[in-house]
Structure formats: structure tokens, C-alpha cells
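Only one structure is covered here, and it is reproduced in the block below.
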Amino acid sequence: MPTGSSDLDSPEESEDFSDSGSDYEATIKGLKRKKLAVPRPQPPKRLRRNAALRVTSRPNSSPIPDPPDTSLQQQPSRGTPRQASPRPVRRVNEGNQGISAKDIYDAVHFGKSAMVTVVDEWLDSYKQSREAGQLVLINFIVQSCGCRGVVSREMLDSMQNAEIIGTLTKEFNEDSVNYPLSTPGPQMRRFKASLCEFARVLVRSCQNSLIYDEYLFPSLLALLTGLSDSQVRAFRHTSTLLAMKLMTGLVEVAGVVSTQLQTTQRQYDMEKSKKAHDRASDRLEKLQATVSELRENREELSSLMNATFRGVFVHRFRDRVPEIRAECIEALGLWLKMDPEDFLNDGCLKYLGWTLHDKQSPVRLRCVRALQGLYKEKEFIGRLELFTSRFKERILSMVLDKDPDVAVEVVNLLLLIQQTTEEDLKEEECGHIYPLVYASHRGLASAAGAFLYNKLKSVITIDCQDTDKSNSVAFFQILISFFIQSEFHEHGAYLVDSLWSVAGTELRDWATMTALLLQEAGLMYEEEGALIELMMCAIRQAAQATPPVGRTQGKKTLGMKDKKIQEQDRRRIATHFIPLLPQLLTKYSADAAKVSLLLKAPLYFELEMYSSAQWLEKHMDLLLSQICGIVRKHTEVTVLEACARLFCTLCSECYTFSSRAHLAFSQLLDGLAECFSTYLSDLLQGTADEDDTYSAATALKRIAALSFAQDLRSWQLFDPCLQLVQSRMESRELDKELLVPALKCAAFQLMWAKVNVVNSKPTEAELKRLKKEVRSFCRVCQTCLSLIQSEIRDQAFELLCDLLLLYNESSVRSHPDLQTLVHLPSDSLRSELAAFLLDYIFTDTEDGELGESEEEMKIALLQRKRNQLAGYCKLVIYGVLDLTAATDVFKHYNKYFKDFGDIIKETLSKSKLINPVQSARTVCLCLQQMFSEMLTEDHSQQNLAEITDLAKRLAMSFGIDLHRVRKPLVALHMDGIRFAFREPQEGEEQHLNVAFLVVLSEFSFKLLQQDRAPLAEFLISECPGAALFWPSVRMYQRSLEARSSSKSKEQAEGVVAVSSHNTPVAKRKKTTAQGSASSSVRGSWLDGSSIHSNLPTPALTSTVQRRTAKPLASRKPRAGEFDIGSGLTELESEDEFSSGPQMRKVKPTKRRHTSSGDTFPTLEQQDLSSHLTLLSLIEDANSEREDPEIEEYQSDSESGYTLPSTRHTSASVLDELFD
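Going by this note's numbering, the sequence shown opens with residue 23, and the numbers climb by one from there.
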């Protein structure tokens, strides 16, 4: 038996096994069956083991001994081949009134019968005639494969297994490539479960008798071994599944027999150890006979298991079909647990280690779950030491697996290794897992949180033994230390959410957290900030019971139990924090970052509790005074916005204490307005000094921030703010600290005014005054758009977009009496907005001025640009600006796709809903403008390529419903043709725009066939006669003549240079879509198959007649298609799990058009004759070509997890921008 590191360190050892039955062998193995004698009444003798199980070399050996003797495996096929009878299954069983193959299949397929009853009925028929019973079972297996062929009694008597399988393969004339195990949906799952149940019940029913008759199971497993070697995927998949389930049943029976043998042997030894006069000779003889019988049974089972393991598993665990590989690995995991004495060794564990590198995620998932079952058993840990040391590096790298489900199970596996092995994971190895607590996938983050919590608890146990700290204090101190060292300070909500399922009790310990914060000299400054952030995240998690933004949630709605827990948490939070929050605000009132976090706490309270008891009402007064003091003390935007949001909540009319909140708010605003009014006259006259300007600016900042919460129209601040901005603009004293809050304050006054007029009945004079204010404010903002100061300019643009949207025509459509308030932008303002777009949004100048170290500033700048672009796009979508204004946006779709692609795509799709034809014409106008700009600058071929690339991307935005976009596309083409042949203006060359047809041809593949001819006629009518032979015109004509598929469209032989018609054109290479020149060697039968002709012919996983073929000149492997970070040093093991160079390839030949009578005589055609029309069945070609060829893990150089940003990558960013 192979042991030691050699088994684990040499994946290439699998080549030592005989490849008979593998995907890489040239012949189908035939298992010779001896003719059976007429059954006699006495029990059958054990004379057929070696004859029936020729796969094994030693009957009593372990399932993983030395490689099998290939000479015994590859027996030549003998017997006379016959055609399978097409008669129904029920006629095979004539003369025997027992259950038929169709009855068993129906019971398994529909699952309406108890499987024990079905097996018992079949056993009754088998006991009457075992040949007939075996025939029924064989036909049931054939029918379960989806084959219509039937095995007759004559075939069973005269043919070998290989010949029977070959005959069935020829009769596998299904119209579809699907078979029962591949049928999608719940029907397949039910069938698979019933089939597995049938195999399990069959073994259990036969475990005491028929399993040892040396007829049923040897012949059945021999047939399944042959079928698992078939080139037909349905045969291979179904037989492998059945073989694995039968093998699992045999392993279970072997375990029972081994237990019985040990017990009986122990009884025999005890009886034999007695003295001669105390010994019962009859009992001793009986025990000895029982031991001999059990040993013989164990040897019989070992033979069956060895045959199945070597004949099926060793070859199918690397099958090209991932479902087959997954079934093999799942079965191996069960065998390792059920029979560790025979299977739990390095010879079997190496298969799990190699499969960790499988390129399909379902196979890796089954492998990891199999390993979890092993590491859960503490008695197995010693046998897994070599495996752990060899493959631990690979397991650690799989935490970044591209499939999050695999990564979750890998983290759970590493947690088991951490808990059960004596040598824990090293700290640098744990460092692979810790960052995953910030992953966007919630399951992966929770698994990493459980791993982190287990590690923290182990450290806490050691820490508490050395000191007198309580577990809660130690937990928070270690968690704070981890949070600070992880350097993801903006992602505290994700850390709390990751730990919530395992450390929810500790994170709800509000008393310990507040005690640590309120005690003197308890924590360092940085630690206090980290604890406050974690505490606020825990409060939010408990009160809302939802994951943070950007992290997916399994359950969208809370159950009754969860809602009850949520309500209890909110009450407990309010009860604890209402008395303590004023103390915390007092202590940290000078720290802007900490106080802004603490001000969020009341938003998660049950605020009604302030009115529930008299002793709690005084805390409301303390809270209001604290908020007012914080507003007077701070000018930071984050703090003021937090205060405004809290004021807005407390002033809500639904609370009984809202009057007190309104009073405190009014008193605060009175003081701020008075402070501003004091310095206003000096500011307007220009006599204010720096201190006066600073005091007025800070008062305006606070007023502007609080304007968000309440209507401040009663303080009449619009005219003073507007006068202040106008006077400063005239004097060119542009103080951003003063002008930005003044603009915001004036804009909020207009926004609240609109809300008031909608909810009331204003007079005509009030409406006129409001409209005048809107016009004057827009004029002031328009003048600000040309300023150098970016803060003032950006604020003016954003406020303009908001106000134009608020006062547009659609906003008052339901209020006809407010029609006079509609304010449309003037032509000059439209031009200013478009110029701002090009000068300050679609530019990289500001990014270039920032260095690499200023990454946060770059992100903030990008976020600001995205908000501004979204504001402009909303003006287009809601009709404030014409659709043609979107051309300035669409032009940059390709160049700035990374930064603004989602916003531009959303605008494009919304415009199609508003007016599909006008939207298409806008797209065409956008390209025309870019083409005209290119002509005015220089005749650069690179610029034309950029326009063409943009046209390709815009063409894809029209979707796949060509009937819906028919009219828009025709309008786009007609506009493009007119532009290409428009009359030249004075001083221009003739037909300068003809090259635009190159760009226009990118939209031709979206045209319906019936629209192509009219467009071709329209082209001829617009085009001068001589121009019909110009390269650009010919290229566009060919695009109209081609079929409506981009893959079959011929590329141009030359692209016209941007020049006049007599300028030589630059040629480009003719390209062909990959796979379009597929092999025509099998032309006659390929035409009749279900495979599309422009797909490459699939490689056969056949073991029949493998010939040496030249390697296919296929594409080079893509980057990322191989496991860069797998840690696998043996290159040979990559070939173990890929169909790469070992698969049979078809040499590509040039495609030519043939008539129906053309033939292609080939060797394959002579060998398989007309049955080669079944290629679609052999390897499920269509479905496998549609699936990705190989799924690969992420490279270690690329992060396998994503950190959900709190800045600008929110999952709902478009909703926020366009709402």
C-alpha cells in the first residue's frame, strides 16, 4: 500500500494507473463474462470471482494498492455483434410475470412508489430467474441513461459487455442531447435522488445473501464499469453515479462485516483461551466457521470495492464533465469517513488534494466539504497530518476563490483545522483570512468573522489568565486593536456585521462599552474613536437588523421572531443610552469626528420612551441643550449635518416632545440670524474686517446646514444672502467660506418656498415674487460658473441643476395654477452648463495635479464629478434640456467608461424610454459631431478608430429586441447617410464626410432583414454614381447585405482614411471570428447534426479508436485561465484536471460551400457509418459550448474579495444619483 509523502507530492502518479476507461484511452475496455451454468438448488460456489472481476489483481487487497494489471483490464472484445432489438422493455421479460424495467424506471422517475417495495418486487423476480432478473436490471440502467435501445437475452448470452455497449451506442438515437440526469429543474433532482435511493436500498436488501452470490454484483459492476468508459456522456454519467452509490453501499456493508468479524474473532479467542475441560467444542467450531465465513465475505466485498475503485473512480475522478468528477469526489469523502481503515491513507487523500486544483467550482466545493467531514473527526487528525502540511498552502490560497460559496467552505475548513489540530495556523497564515471580514459577500464575511472570533476567544482566554480583566473588557480591547491595525477605519459596519452572528452577545454589551468610554484614562485617543465607531455600528445593526450598504442579504424580510428581537433591542438601547448620551456628548463635544458619530445614536432609539416616564423628560432637555451647544461650537460640515438630521427627527409632529424641540431650534436660529445680520451691512459696504467676515461666514455655515432640517423662510434670509453674493461678485472679493454657504442658504430658501406653494394656495403676487427670486438666483449662479474658485463654481452648478429640476414644467403639471413658476434655462445658460461639463467633468487635469499619495482626494473629486454629471443628466431625462444636449455626455461614453459608464448607460436607457427615435438620432448626432471635430483638427486614423469603438459600444445599447428598435435604427441610418453625402459648404471639399459610413456600419448588424434593402436603395439615391465604388461606401453596402449577426458580418478589406475620395486608403487585415472556420472534415454528417456550423467540432472523450491527431491551432489561453496562485509546483497535475492536450483534436480545414450531394469520406465515417449523426449526443456539444470553457480562480495578484466602499461604490449609487 503506498504511504508517505510520495503519494501526496506526486500528482503525476495518476499516470501510473492504467488509463483504460479514462478520457484519454483509445479503446473501450471489455469485461469478459463466462457463460453461466444452469442454477441448482444448492447455494452457488465461489468460483467466479477472478473471472467476473478481472479488474483486480489481489482480491483481499486494499482499495488503493499498487496499480492494477493493465493486461487484465484491456481484454480484446469477442463475440458476434448484433443489433439491439427495438421492441419495448416489457417484452424482454416475457415468460416472467415479475416487475419489468419500465416499472422500475417509472417508480424511480416519478418517485411515487416506496423504493423498498420496488426492490423487493425485483428481488422476487430475480430469485425465480436470476438471468431474467439481471436482464431487467440492465435494461433499467440503460433506460435511466436515456437510451431507447434494449438489451435482449440473446445479446446477453452471446455478446461481451463492450459489444453490448457499442450496440447501444449506435441505437442511442435521441433527438435531444439531454438525458434524465441532465434535465434541468426539480425533475432532475427528484430523479437523481430516487436513483441513488434505489442503489442504496438494493445494497441493503442484498447485504446478507445476494451480495455474495458471485453473480449479481460482479456482473452489474462489470457492466457499469464498461458504461463509465463509454464515449456517450449519458452512459458515462449515469453509470458513474450508480457505481459510486453502489460502492458507498458496499463500503457500509464492509464496515458492518468488519465489526462483526472483530466481535466474533474476539469471542473465538476468548473461547479458545479457556482450559480444555471448560471449552465448548461445538461453540468453538461454530465460531470458527462464522469467522471463516465473515473473512470470506470481507474478501468478496474487498474484491468488489477494488474493482469499482480502480475501474471507475480512478478514471472518472478526472473526467472532462465536472458533474462526474463531483460525484466521484463526494463519494470518496463518504468512503474515507465510513471505512477509515481501508481508505483513510495518503493513497486516497491525494485525490482530494489534487481536486483542490480543479477548474470547476462545483467540484472544488464537493472536495472542500469532503475534507470538512474528515477534520470534524478528532481521531482522524493524526492520519491527516501529512495531507495538511502538503496542501495547507493551497487551501489558504482558496480563500480568494472566485466562487464565494467555495471560499466560504474553505474558511470553515480552516476554522476546523484551527480548532482540531495541535499546531494552530500561524499568524501570517491567519492573515489570509482576516481581511475577508470586510468582503462584500455576506456569507464569506460571516465565515471569516467566525474564524476571527475563535481566534479572539483563544487570545482572551490567555489574557484573562494573566490579568484580572473580565472577558467583555478583554474582548473589546482586542477587537479595538484588530480594528485599528486592519486600517479599514471606514468599514466598521462591515466588521460588526461579520461578527454579529457569533459575537452578537458581546457586541450588545452596551454597559461595558459606555463604561470604557466614560472612565478616565481608560483608553487611548485612537482607541476611543475606534470603540465609538464600533459601538454606533453595533447600535445600527441591532436597531435595523439589516446588513450595511453593499453587502448582499439572503433574507429580504424579517420574520416575526426577528422583528420581536429588533423591537427589544431598540428598547434596551433607548433605556441604556437616554441617561448616558448627554454625558458622552459632554465629554467628546470638542472632538468633531467622535461627536458626529454619537449624534447618530438617538436616530435608533424608541423616541417615545422620552415621554413614557417623567424622569426621562429631563434627559430630552439635556440632549437639546447639548445639540445647540455643539452647533455653536463647530463649523465642520459633518457635525452640522448630524445636528440638522437629529433636529429634523426630534421636530417631527408624531412625538409629544416636538414642541420643545421646535422651541430650542427657533432659539438657536434666532441667535445665528442675529449674528449674521450684525455684520451684513459692513459686508455689503466692504468695511468688514477679517474677524467680522469670519463670524458672518461661520453663522452662515450653521444656518445653511440647518436649512436642510427646517423651513427658515420666516427669517427672510434670501435677499441678504443674494445681495451678499452679488456685491462680492462685483467687487471680485471671492471668499469661498462666505459665498458657498450664502448660495446654499439662498437655494434652500427657494426649495422650501416651492414646497410651501404646493401645499398651500399662494396669491398671484407671491408667485410673481417667487419667480423673480428664482430668475435672479439663476443669473447669479450662471455668473459663478466661469469663476476660477472651484468650490464656488461647483456649488453653483449643483444648485442650478437642482433648482432647474424643481421649477421645470413637469414639476407643476399637476398644479395648473402654479404654471407661472416654470423657469426654463436660457440659451446662454444651456451653453454654460454644457461648457462646464466639458471643462470640469470630462477632464483629467485636476486628477493629474494630485499625486499618488492623495488617493482620498482623488476619490472625493471623482465623487463630486459623478454628482455633477448625474445632475446634468437628470436635466436631460426630465425634459429641462433637449435630448440633443445629451450628445456632450454620450461622446465620452467610451473614454470615461470606468468613471461614469454606469451613469451614461442609465441616461442612454432612460432617453430611449422617453423618445426612442429621437434618442437614436441623438446617438447619431453625437457621432457626427465627433467626426466633424476630427476633420477640423487633423485627419488622424486613430481618431476615426476611437469614434468607431464608441459606435460599437453605443450599438450594443440597443438591446436584443430588434423589432422594438426597428424605427429608431432606421432613423439613425438615414441621418447618417444624409450626413455622409450632405452638400459641402462654401470652401469645403466635396464629400468630406463619406468616411462616416465606416462608423455607421457598426449599427448595421442590429437591422432587420426587411429594412436592409430600403436602406441600400436610400444609399444609392443619396450617393453620387462615382462614389458607389469608394471603399467606405462598399464597406457600408456589405454591412447591409450581411445577415443580422455581428459574428457573421464580413469585415472591410480597407478602412478609408479621412480624406477626399481620390486619396489612397489604408488597408487593414481581414479578420474572421474565432471558430467560424470550423472543420468541414465531417461535412456530410455535421450538416445533419444539431451543432451549429460555425462552432468548432467538439473533442470526443472517447476511449474508442484514439488516433494521433495534429493539435488544433486554437486560441492561446487567456490570462487568468490557469491557476496562477494555486501554489501547485507540479505542472503535470494541471493536466490531471484539464482536457487540454490529451483530448482528441480535430484539425481545422478551410470552409467551403458544398452542394447537397457533396460527401467527405473520412476514416471516422467508414468506422461509425451513419451512426456518426449522433455526435450531438456524444458530448452534449451545444450545452458545453455555451458554458464557459474553464472556470479559474483569481490570481493571488488580484484580490479575490471586494471591500464595499463607503464613498462612491454603493450598490444603490444610481438610485441615489437619479432619485
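Yeah, the Cβ is synthetic: ideal placement off N, Cα and C, and Gly gets one too.
Being a predicted model, the structure only gives us computed values, none of them experimental.
Residue(s) in a DSSP beta bridge with residue i
i	result
V495	Partner(s): none; V495 has no beta bridge.
Same chain, Cβ closer than 6 Å to residue i, five either side skipped, listed in chain order
i	result
V273	W357, M360 and D361
D983	none
H4	No answer is possible for residue 4: it lies beyond the span of the chain, which begins at 23 and ends at 1241.
G355	A392 and G395
V987	F980
M269	T330
H259	L203 and I346
A1141	In this predicted model, A1141 has a pLDDT of only 37, less than 50, meaning its place in the structure is not dependable; the value taken from the coordinates is given anyway. Here the set comprises nothing.
E363	none
Residue i to residue j span [Cα, whole Å]
i	j	result
K616	Q499	18 Å
L538	D613	17 Å
E658	A907	37 Å
K192	M181	15 Å
G271	C228	10 Å
D425	I403	28 Å
L1190	Q253	For L1190, the predicted model reports a pLDDT of 34, less than 50, meaning its position is unreliable; a value from the coordinates is still stated below. Approximately 13 Å between the Cα atoms of the pair.
R562	L646	22 Å
S462	E512	14 Å
I502	S468	18 Å
R317	S241	22 Å
V780	L789	11 Å
N230	E431	39 Å
D711	A882	33 Å
F239	G333	14 Å
L1019	Q804	39 Å
A184	L190	10 Å
S611	I600	17 Å
K920	L1022	25 Å
Beta-carbon proximity list for residue i, same chain, < 8 Å, skipping 5 on both sides
i	result
C670	F730, A731 and Q732
K210	Checking the displayed sequence, the identity of residue 210 turns out to be Met instead of Lys. Once the five neighbours on either side are set aside, the close Cβ partners of M210 are P202, L203 and S204.
R301	E293 and K294
D714	Y701, D704 and L705
Neighbourhood of residue i by C-beta, 7 Å cutoff - its chain only, sequence neighbours within 5 removed
i	result
R305	E293
C559	G514, A515 and V518
H656	A614 and L662
R212	G133
F819	L807, F858 and Q890
T720	T657
A993	V939, A942 and R943
D1033	R988 and V992
With a floor of 4 residues, list each alpha helix (DSSP H) that falls wholly inside the stretch 604-669, ordered by position along the chain. 614-620 and 636-655
Taking contact to mean at least 3 C-beta pairs separated by less than 8 Å, is the stretch 698-718 in contact with the stretch 738-752? yes
Tell me, please, whether the stretch 852-863 touches the stretch 774-786 by the rule of three or more beta-carbon pairs shorter than 8 Å. no
Contiguous alpha helix (DSSP H) assignments of at least 4 residues, all confined to the stretch 940-991: 963-978
Any 3 or more C-beta pairs closer than 8 Å across the stretch 277-293 and the stretch 218-226: no
Does the stretch 589-603 touch the stretch 511-528, meaning 3 or more C-beta pairs lie closer than 8 Å? no
Which runs of the beta strand (DSSP E) fall wholly inside the stretch 687-760 and span at least 3 residues, in chain order? As far as the stretch 687-760 is concerned, it has no whole beta strand (DSSP E) run of at least 3 residues.
Ranges of the beta strand (DSSP E) found wholly within the stretch 201-267, counting only runs of at least 3: none
Does the stretch 712-729 touch the stretch 674-686, meaning 3 or more C-beta pairs lie closer than 8 Å? no
Contact between the stretch 888-907 and the stretch 821-835 is defined here as three or more beta-carbon pairs at a separation below 8 Å; is this criterion met? yes
3 or more residues per run - each beta strand (DSSP E) lying fully within the stretch 429-460: Whole beta strand (DSSP E) segments, 3+ residues: zero.
Given 8 Å as the limit, is there contact between the stretch 132-139 and the stretch 161-170, that is, 3 or more CB pairs closer than that? no
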